[in-house]
Each structure stands twice: as structure tokens, then as C-alpha cells.
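Heads up, the thing below is written out as C-alpha cells.
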Amino acid sequence: MKKIVSLLLVIVLLAGATGLMYYADRIQKDEGNVEIVDGSIRLSDGKLTYKLYKPKTATNTSKAPAVLLLHGYQNDHETCAAYAIELARRGAVVLCLDEYGHGSSTIGLKERGYVNHKVSVNYGNDSEAEGTYSKIGGTIRYRLLMNFSNLSFFKDRYSKDSDGNAIYDSSCGGSTAYKYLSELPYVDNTRMAVSGHSMGTWSSWSVAADFANTAIAPKAIVLQCGELFTDDAYDADKIKFSNVLLLQAKYDEFSYFRDYKLNVTDELLRTPLRYKFLGTSADKAAWNTTYGKFEDGSARRMELLNTNHRLTTHDLNGLAVALKWFDDAIMLPTRIAYDQINAKIKEYCVLGAMLCVLFAMMAFMDWLLQFYLFSDVETKMPSEENIMKYGARLRGGILTILLSGLSFPFMTQLGHALLPLPENIFRMTVGNGFISWYGLLIVIMLISNLIRLIKDKKNHVIRDKFDLPGFCGSAVLSVCMFLFVYVINFIYTLVFDLDLRFIWPFFRPFNGIRLLQFAVYLPFFICFYMLNNAKIMKDMRSKATYKKGIFGFLVTWLRNFIMMAGGVLLIVLLEYIPFFMGIGPGADVCFGSTFGGPFMSILILFVPQVAFFSILCTYCYRKTGKVYTGALVAAMLACWIVTGGSSFL
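FYI, in the working numbering the residues of the sequence shown are 1355 to 2003.
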């Protein structure tokens, strides 16, 4: 009977997920009015992949305007979906590119180029005397990260160095994609525009510079959290930018997108960089106001959005303002109100589908446990007699939270940039940050376990031994659960051209490069999650762990979640409470801007992941009596998220 119930639950959840994906697909295709094509542009050193949205109204005889969309760091083409969907349903052809080192493109991020110096202010405002222009060394990824805002069309002082290095293509393949888009037979290449988010804003500047003063120069540039630079940084006499809209996130975690100031306030408008960009004077500069004219390309605007960096891509106000900007510049063919936006429904549908599949995976585990092959997996939990006292659990929990939280900003940034890892093997930039953090915590947990074993031996305390048959069975079960999610996701990608995510990459199908990276990073994730689960689920279990029913599960889960995510939640509070109070982002204020940025903004993704992993691990532990299954599945899913969706060198 249990087998039938579990199987029925799997079927029901998958049916719900499939229905949601079908509806999401209808939204992205505007009920059949937009065709979607996945393709690639072959280059000598690899390929650039893209997703193309083509309205059926765009034909060889009725050409349509076109927009190139460029995603941010650690994202992929699907992060641009909100803009793509809304532009396409208004009649524009839209190409969303996987930039260098991202998505399914096979050209690494280092092909962007790097130099052995950095600028710590907006380009053009630097000074060697003041130390804002300085020499750097270190790993390739460090120099690359320090040069994200250094663009290939800048003067040689910035874009080249004496060692023969250079910023080769700061468009990250965007210029190649823009040219490809301009040559499509149904595109009116005199009505083209470009837009990007975060890293994609530098790519957008670069695309516009590469095609400045040509017949296909972009008629509009929309920067979703972009950085400005002065005319001194490039040849302003030869390169002109037409109709630039800057969407400014009020709570941007990245210092260079708020001109290296701690807060975005009206004072930002009074700086020469900002009011000269608007083409006005300091006393007349204002947010949410258009300056100049679209006819001669001088239109400028800075829209202040009450959001943070990552959420800018789907901010409804920002999207509506951008749609009007595109319309004014390249004349969108279809008349739909700018604030009539359907794209977010698609995101919620895909989120719902992802949750359905993940919970179906847990029901799938219940079904598999009924088979003889997994008879060694499901055992009784350790005796209640060995439960730690409340005071010891409390001290252990607090120590766990503090160690994980306070080490997060430092170790992730160390691994992200400076840890001397072989960069031809460890190619995932954010992945290196995580294994650096995990590595420290693994060492601490191993030392803690060694101390406990010495004490147990001294006090003649007998602990549970490693269960080899149970581990092997759990490993097979975990692989089956992982493949269950992977296969379902792969099918959805083929049928609906959508993977399981919410806005940002979560579960992308692997290509060859990413599958190899998954194999490289997986041992670190397994080691961490095994030790972490043993510490939290087993060693620090309470009487609630043994209570049956939903109440026992919820109490146990809440305790486990607090210990698994408590350190990260501590950093979230440290980062955002001062920010919302007007002091500035906590990491920048407490530790310096070096420790702000990517790993602070990634918390908005990381906390929900840990919330689900804590549910999964709690359920598996209560179900099997061992930490193996939950730890192994969580490790594989977490490693998949990092290696399948983030950037590589």
C-alpha cells in the first residue's frame, strides 16, 4: 500500500509540475504569437549560445526592430526572460546571449581579457598619485574580476599593460551576437537596441562602442544597474552613445554601481559624473526625469528603483520604464500598455514546477525504499539515551552559527579571487569561493570530531560505527533521486525550452565542460554535507527528532534549519539592516568593499536553497535513521546549482 501511495504522489506532483511548465511556455511564446529558437554562433575558439524570440509579425517583407539582451555575472540568457518576453510580445525580435563563461557557451570568461592593474574609482576619475590606479598581480581570475569595469574600447592606459595583456572583448561575445542579430532577414537593423544587467551593462557599453557611427549603431542602451565613466576614459570624439537609460537600484550591493559610495541618495545626482551624464547641471539633475532628445540620440535618464541588485531584472517599474524607452527609440510595432507585464507569471509557474519536482523526488525516495535493493538504507535512529544535554546543544548550535556566518564573507572572497587553485581544473569562479568556505568548515568539523572521539575513548562511550552497507545503499538511492530530477528537468528543457529555476540559474542541464566541473567539485560538497549533517542531524538531535507526525517533523526541521542557515541569516542581517537604515551595506561598512558584492548579493539565492536542503535532510534522516541519503542528495543538488549555472574561466 505504501508503494502505491508513494507512486501516486509522484505522479500527481509531476502532473502539476508539467501543467505549470506548459503554462509558463505559453506565456513566453505569447500564446503562440512568438517563436523561440535556441541556436549557437560558431567561433574559432568555441561557440556562443543564445535564445531567440521571434514575433510571427516579423517577416522578410515586414522587418521588425531588434534588441540584444546581455545577462549579468553568474547568470545566463534565461535571466533576461522578463525583458525578452515583454519586448517580443510588443513586436521586437530579441536575442538573449549566453556570454563568455556562462550558460551553454563554451568560450571561457578569461577570453574577455585582463591586465595587471586596476582602478578603484569610476574610470576617468582615477589618479596614480591618490592610489586609485594601481598595479596588481595574483591569479588570472583575480585580475579578471578586478577588471570587469575595464572596457576594451577604453584608452590603452586602461585596456592594455606592459606585459602584453589586454582587455580583448569586454562585450563578452555581445558584439558578435549583435552583428549576427543585425543580419537576420526579418530584422530592421536601423532600429536596434541593446540592454544588459550588471556585468551585461559593461557588455552593452562595449557593443554600443564597437558599432558607434555605423549604420547599425544601437538607437538605445538600457543599463540595468550600470556603471558610468567620464569622457577621459575613451575617445569621446569618435564614440557616441545614443539614448542611454540607467536603471539605478537603491539597494545595490555592488559598490561600483553606486559610484563607490555607501548609499544611493540625491547627493549622487550632484556629482559631475552623474549630472554630466544627464547633460544638465547639478542643481537641475533629478531622478526619473528624461533629458535630451531621442531624435539626436542625446536622451538620458536615471530611474531610481526601490530594489536591490539582483531583483532589478524583474522590477516591474524598471521594466515598464525600459519598455517605454525602447518604444521611444526604436518604435515597437505592437501597442500594449507598458505596465501590462505577464513575464513574472512565467517565473512563478517555473518556481512552482521546480518545487513540485523536488518534492516528487522525496516521494520517489519513499517508493524506492519499498524495494529489497534498499533494505539496508532504512534503519532505526540512534538511541535516545545518547542525546546531548540542552545546554551542550545550545552552545554547539551558537558556535556552529557564528563560525559559519563570520567566516562566510572572508573565505568565499578568498576562494573567489586569491586562493591559488589550479585554474585549468577548478574553473568555476563562485564555486571556488564556496569550496574555500566549505574547506575551512570541513577542517573545523574534523578537528571537533577528533576531540569528541578522544573524549569518548577516555570516558568509554561507544558511538555508532560507520555503516558501510547502509552507506552504499544510500549512495545508490541518492544517485537515483538526483537522476530523477535531472531527467525530468532535461525533458522540460527539450519540450518547453525552460529549466527548473526562479529567475536565476538553478538546475541547468550540463554540457561537457560543466559536467566535468561537477565531477571536480562534488567531493568537496559531499564531504561538507556529510560532516554538516552528522553534526546537526545526528550529534545534536533532540527529543523532538523522535516524535512522529507533522509536529515532530516541523519542530525538528526548524531547529535544523536554524543551525544550517543561521550563519548565513546572520550575515543577511549584518548586510541589509544597516543598508536599509541608510548607513550602507554591512559588509562594506564592517569589512570594506572587497567583501561586498557577489557573495552578499548571492544570499538572496542561497538562503532559500538551504531552507529546502534542511527540509530534505530532516525528512531523509527521520525516514532512514542515517544522515547519508539527505547529505548525498543535498551535496549533488548544491554542486549542480554551482557548476551548472555559474561562470567558468
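By construction, the Cβ of each residue, glycine as well, lies at the ideal position given by its N, Cα and C atoms.
Item                                                                                                                          : Value
Alpha-carbon to alpha-carbon, residue 1551 and residue 1600                                                                   : 10 Å
For residue 1394: DSSP bridge partner residues                                                                                : 1403
Beta-bridge partners of residue 1437, as assigned by DSSP                                                                     : The partner list for residue 1437 (beta bridge, DSSP) is empty, contrary to what the question assumes.
Environment of residue 1650 [buried if 16+ CB atoms lie within 10 Å]                                                          : exposed
Buried versus exposed, by CB contacts within 10 Å (16 or more), residue 1936                                                  : exposed
Ranges of the beta strand (DSSP E) found wholly within the segment 1445–1502, counting only runs of at least 3                : 1447–1451, 1471–1473 and 1487–1489
Distance, residue 1773 Cα to residue 1767 Cα                                                                                  : 9 Å
Contact check, residue 1439 vs residue 1382, beta carbons under 8 Å                                                           : yes
Where residue 1673 falls: helix, strand or coil (DSSP)                                                                        : helix
Bridge partner(s) assigned by DSSP for residue 1659                                                                           : 1603
contact_flag[the segment 1545–1562, the segment 1574–1593] where n(CB pairs < 8 Å) is 3 or more                               : yes
Alpha carbon of residue 1423 to alpha carbon of residue 1805, nearest angstrom                                                : 54 Å
Backbone CA spacing between residue 1529 and residue 1456 [nearest angstrom]                                                  : 16 Å
8 Å Cβ cutoff met for residue 1476 and residue 1938                                                                           : no
Nearest to residue 1534 (by Cα), restricted to the options 1448, 1559 and 1997                                                : 1448
Cβ neighbours of residue 1916 in the same chain (closer than 6 Å, five flanking residues each side left out)                  : none
8 Å Cβ cutoff met for residue 1554 and residue 1426                                                                           : yes
Inter-residue CB distance, residue 1997 and residue 1875 (contact presumed, cutoff 8 Å)                                       : 6 Å
Classification of residue 1826 by the beta-carbon crowding that lies within 10 angstroms, buried from 16 upward               : exposed
With 16 other Cβ atoms within 10 Å as the buried cut-off, status of residue 1734                                              : exposed
Minimum C-alpha distance to residue 1695 - residue among 1679, 1674 and 1680                                                  : 1674
Under the three-state DSSP convention, the category residue 1567 falls into                                                   : coil
Neighbourhood of residue 1522 by C-beta distance below 8 Å, restricted to the same chain and skipping five residues each side : 1465, 1466, 1467 and 1506
Nonlocal neighbours in the same chain, by C-beta distance under 6 Å from residue 1777, ignoring five residues either side     : 1494 and 2003
Through-space distance from residue 1411 to residue 1961, alpha-carbon basis                                                  : 43 Å
Rounded C-alpha distance that separates residue 1984 from residue 1886                                                        : 11 Å
Local Cβ density within 10 Å of residue 1781, reported as buried at 16 or more and exposed below that                         : buried
Alpha-carbon spacing of residue 1801 relative to residue 1828, whole angstroms                                                : 26 Å
Outcome for residue 1358 when other beta-carbon atoms lying within 10 angstroms are tallied against a minimum of 16           : exposed
Residue from 1532, 1540 and 1603 with nearest C-alpha to residue 1571                                                         : 1532
Residue interval of the beta strand (DSSP E) (run including residue 1550)                                                     : 1541–1551
Burial state of residue 1820, where buried means 16 or more other Cβ atoms lie within 10 Å                                    : exposed
C-alpha distance - residue 1520 paired with residue 1526, whole-angstrom precision                                            : 14 Å
Same chain, Cβ closer than 7 Å to residue 1474, five either side skipped, listed in chain order                               : 1486
Status (buried if at least 16 other CB within 10 Å, exposed otherwise) for residue 1362                                       : exposed
Reference residue 1823; option with closest CA among 1727, 1838, 1775 and 1849                                                : 1727
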